[in-house]
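Chemist: If you use our numbering, the sequence shown corresponds to residues 12 to 233, in order. Mind looking over this structure? Questions follow.
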Amino acid sequence: MTSPLARASRSLLSSFRARPISARIVHAAPCSTIAMENTRFGKFEAAPLQANFIPSLQQPTQQVLWIGCSDSGFQETTILDLLPDEMMVHRNIGNMIIEGDLSSETAVRYAVSVLGVKHIVVCGHYGCQIVKAASRNGLQGPWLSKLDSLHSSHKDTIDRLPEAESDRAFVKLNVLDQLRSLRQFPEVYDAAKSGSLQLHGIVYDTHTGEATRLLEGPGCRI
12 MTSPLARASR
22 SLLSSFRARP
32 ISARIVHAAP
42 CSTIAMENTR
52 FGKFEAAPLQ
62 ANFIPSLQQP
72 TQQVLWIGCS
82 DSGFQETTIL
92 DLLPDEMMVH
102 RNIGNMIIEG
112 DLSSETAVRY
122 AVSVLGVKHI
132 VVCGHYGCQI
142 VKAASRNGLQ
152 GPWLSKLDSL
162 HSSHKDTIDR
172 LPEAESDRAF
182 VKLNVLDQLR
192 SLRQFPEVYD
202 AAKSGSLQLH
212 GIVYDTHTGE
222 ATRLLEGPGC
232 RI
């Protein structure tokens, strides 16, 4: 006998191609400035990740979708101090959400609509070779060209920074841009608006082992 979860999963998966990510784009006020210095990042503030900011349920209930980078070598369960069974993990090049990518679209929609996760975490990391390549040489192809386009949009600001700082700033920009992309999913937007889902941007420093949250200011999206 087919379980309700299996039936719901099949129905959800079969609907993806008919429901593009741009079915409802949520327009938000643009940032007036991007000041990448000290702990400020435009109208986003960087703050140390607090212990247990997502409390563990201490039971195998997937409450978090983690979107991370294939280039990273750290454990997401260690950063969040959660059990492996509390997280659904999706990794790709540059921790990105790309319109038309069936893998990431499926992961997001399955996590929100079937699993009913309470949190989506997008985590970038300093020293990301993919992000660095975009800021140096430009990237080809529909997937990685999104990073090149993002860099071009903020090139004047980023290029004023020393090289090490510009790389770190671009990692933050990329995380914020993926949060914007997530809000274009109707399922994500509705769940976040109702308060049943929270979106979090995190940047991890592989040298210090410290994680930083990117906290949004009012009325601003990257």
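Backbone N, C-alpha and C define an ideal beta-carbon position, used for all residues, glycine too.
#1: Tell me whether the beta-carbon of V182 lies closer than 8 Å to the beta-carbon of V133.
#2: Determine which residues share a DSSP beta bridge with R224 and list them.
#3: Does the Cβ of D201 have 16 or more other Cβ atoms within 10 Å, making it buried, or fewer, making it exposed?
#4: Taking S192 as the reference, give the member of A222, I213 and E116 with the closest Cα.
#5: Taking only the alpha-carbon atoms, compute the straight-line gap between L155 and H218 and give it to the nearest angstrom.
#6: For H38, name the three-state secondary structure that DSSP assigns.
#7: By how many angstroms is the C-alpha of Q70 removed from the C-alpha of T44?
#8: What residue from T72, L94 and E174 has the CA that sits closest to N63's CA?
#9: Which residues mark the beginning and the end of the beta strand (DSSP E) in which N103 is found?
#10: On the DSSP bridge list, what partners appear for G79?
#11: Can you tell me whether R171 is buried or exposed? The criterion is at least 16 other CB atoms within 10 Å of its CB, across all chains shown.
#12: Quick check: what's the CA-CA separation for N160 versus A175?
#13: Ignore the nearest five residues each way along the sequence and tell me which others in L68's own chain have a CB closer than 7 Å to its CB.
#14: Ordered along the chain, which non-local residues of its own chain (more than five positions away) have a Cβ less than 7 Å from that of G138?
#15: Tell me I131's beta-bridge partners as DSSP assigns them.
#16: With DSSP as the reference, label H136 as helix, strand or coil.
#17: What's the gap between the Cα of A222 and the Cα of A180?
#18: Could you check what DSSP says for T89 in three-state terms: helix, strand or coil?
#19: Please list the terminal residues of the continuous alpha helix (DSSP H) segment that includes F181.
Modeler: Looking at the coordinates:
#1: No. Outside cutoff.
#2: A58 and I213
#3: exposed
#4: Taking each of A222, I213 and E116 in turn and checking the Cα distance to S192, the smallest one comes out for E116.
#5: 25 Å
#6: Unreliable placement is indicated for H38, whose pLDDT of 31 sits below 50; no coordinate value is reported for it.
#7: Interpretation of T44 is limited by its pLDDT of 33, a score under 50 that renders its predicted location unreliable; the figure taken from the coordinates is listed afterwards. Rounded to the nearest angstrom, the two C-alpha atoms are 43 Å apart.
#8: L94
#9: Unbroken beta strand (DSSP E) run through N103: M98 to N103.
#10: R102
#11: exposed
#12: Per the sequence shown, the amino acid found at residue 160 is Ser instead of Asn. Rounded to the nearest angstrom, the two C-alpha atoms are 20 Å apart.
#13: Cβ within range, chain order: Q74 and E97.
#14: Excluding five sequence positions before and after G138, the CB atoms of its chain that fall closer than 7 Å to its own CB belong to T217, given in chain order.
#15: L76 and L210
#16: strand
#17: 15 Å
#18: helix
#19: Run containing F181: E174 to L193, per the alpha helix (DSSP H) assignment.
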